[in-house]
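Residue numbers for the sequence shown follow this note's numbering, beginning at 203 and rising by one.
Think of the CB as a built atom: it goes at the ideal place given N, C-alpha and C, for glycine as much as any other residue.
If you're wondering where the values come from, they're calculated on a predicted model, not measured in any experiment.
First comes the structure, then the notes that go with it.
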Amino acid sequence: MRIIGALIISACLFSCQERTKVTGKKDKNDTTATNIPVAEQTCYAYVKGKDTAQLTLITTGIVSTGELNYKWFEKDKNMGSIEGEMHGDTLIANYTFNSEGKQSVRQVVLLKKGDQFVEGFGDVEEKDGKVRFKDLSKVTFDNAIVFEKTVCK
């Protein structure tokens, strides 16, 4: 009788345990995000004499947002936000800034060269309240304004 009782108790205990089988295979319906781009913050500065500019970018994938501030000696400073996309080694963005009490939007093109961004210049036009380049293929990068990578503050 003891053996039968022990078998019944063992059977009950064994049937109450939760079984989990680990196969090492990933479920197709797994919602774990493994390919989500991570936001990366980088900072750049331009200094020439008493003229300075700061660029802070937060980049996720090809999209970059951040701040761009120009402080030209004996001129009004321009402080604002930048939002655009990387196309290869070139950031094409809109710069929304305040200067002389007025909000303006202008297109900026920055060429990535190693740890630098070089600002592009070219013929512009105003269209739909925004200053933009007439032809992006004619934008030149003459190294007039070179943003050097710095430590973010």
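- Contact between the region 296-305 and the region 266-284 is established, with three or more Cβ pairs separated by less than 8 Å.
- Assignment of residue 340 by DSSP, reduced to helix, strand and coil, places it in the helix class.
- Shown here for residue 353: same chain residues with a beta carbon closer than 8 Å to its own, the five before and five after excluded, namely 245 in chain order.
- Sixteen is the threshold: since fewer than 16 other Cβ atoms of the shown chains lie within 10 Å of the Cβ of residue 276, the residue is exposed.
- Residue 294 is bridged by DSSP to 287 and 311.
- Nearest to residue 258 by alpha-carbon distance, out of 269, 264, 238 and 249, is 269.
- The Cβ-Cβ distance between residue 319 and residue 312 falls below 8 Å.
- Beta-bridge analysis with DSSP links residue 332 to 329.
- Using a Cβ distance threshold of 8 Å, residue 248 and residue 333 do not count as a contacting pair.
- Runs of the beta strand (DSSP E) spanning 3 or more residues and lying entirely within the region 250-275 occur at 253-262 and 265-273, in chain order.
- Residue range 348-352 is occupied by the beta strand (DSSP E) that includes residue 351.
- Residue 304 is bridged by DSSP to 301.
- Around the Cβ of residue 310, a 10 Å sphere holds 16 or more other Cβ atoms; the residue is buried.
- The three-state reading of DSSP puts residue 282 in strand, counting E and B together.
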